[in-house]
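**Student:**
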């Protein structure tokens, strides 16, 4: 099973990644995030632990959250994408409650999806899909996804369209990634 899961160990919620073999996506989880609106998504000032002291620091094989983890949190997932082909790429992000994606070492904001979407549904809103980004085969590109959750359902998925396969969304999984460490 891929994606982020959460289980209780004692009185503390802990992440468990069943079957995580490659650990290519760094995951930082910050609890006690204040509720937010689209206007306050990027306001992390009220979070004393952000960015240097995550509640939990772990790894995953992909950019997918499939389970209810907690309430009022921020999840930051980072890795390097190794472009499998040269050409124009499109990225798509679906999440609940809101998420953004950065690409490149300069952390260019390329997707800002501030409304709830179903997992792997990239047709709900036009801001879920990036414009094209020219990548070179074999080169490493920094990617970061930030998920903010208020309450209830938690989910997030990041996919891309690879040059030569323009009609097919592919999840960004460990086969396309290199670890940051």
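In the working numbering, the protein residues as written are 65 to 245. All residues carry an ideal CB built from backbone N, CA and C; glycine is no exception. Owing to the predicted nature of the structure, the values given are computational and were not obtained by experimental measurement.
(1) Just to confirm the assignment: which complete beta strand (DSSP E) runs, minimum length 3, are found wholly within the stretch 83-148?
(2) Go through its chain and collect everything with a Cβ distance to residue 291's Cβ below 6 Å, but skip five positions before and after it.
(3) Have a look at the DSSP bridge pairing and note the partners of residue 209.
(4) Distance check for residue 159 and residue 176, CA to CA, integer angstroms please.
(5) Pick from 226, 200, 87, 206: whose alpha carbon is nearest that of residue 125?
(6) Using 8 Å as the threshold, is the C-beta distance between residue 93 and residue 118 below it?
(7) Excluding five sequence neighbours on each side, which residues of the same chain lie with their C-beta closer than 8 Å to the C-beta of residue 102?
(8) If we ignore side chains and look at the alpha-carbon of each, how far apart do residue 166 and residue 133 end up?
(9) Would residue 147 and residue 203 qualify as a contact pair, given that the criterion is a beta-carbon distance under 8 Å?
**Tutor:** The relevant details are as follows:
(1) Listed in chain order, they are 89-94, 120-124, 137-146.
(2) Outside the shown range of the chain, which is 65 to 245, sits residue 291, and nothing can be said about it.
(3) According to DSSP, residue 209 bridges with 141, 165.
(4) Residue 176 and residue 159 have their C-alpha atoms some 11 Å from each other.
(5) When each option's Cα is compared against that of residue 125, the closest is 87.
(6) Cβ atoms of residue 93 and residue 118: closer than 8 Å.
(7) These residues qualify, in order along the chain: 162, 178, 179.
(8) Going from the Cα of residue 166 to the Cα of residue 133 covers about 23 Å.
(9) Going by C-beta atoms, residue 147 is nearer than 8 Å to residue 203.
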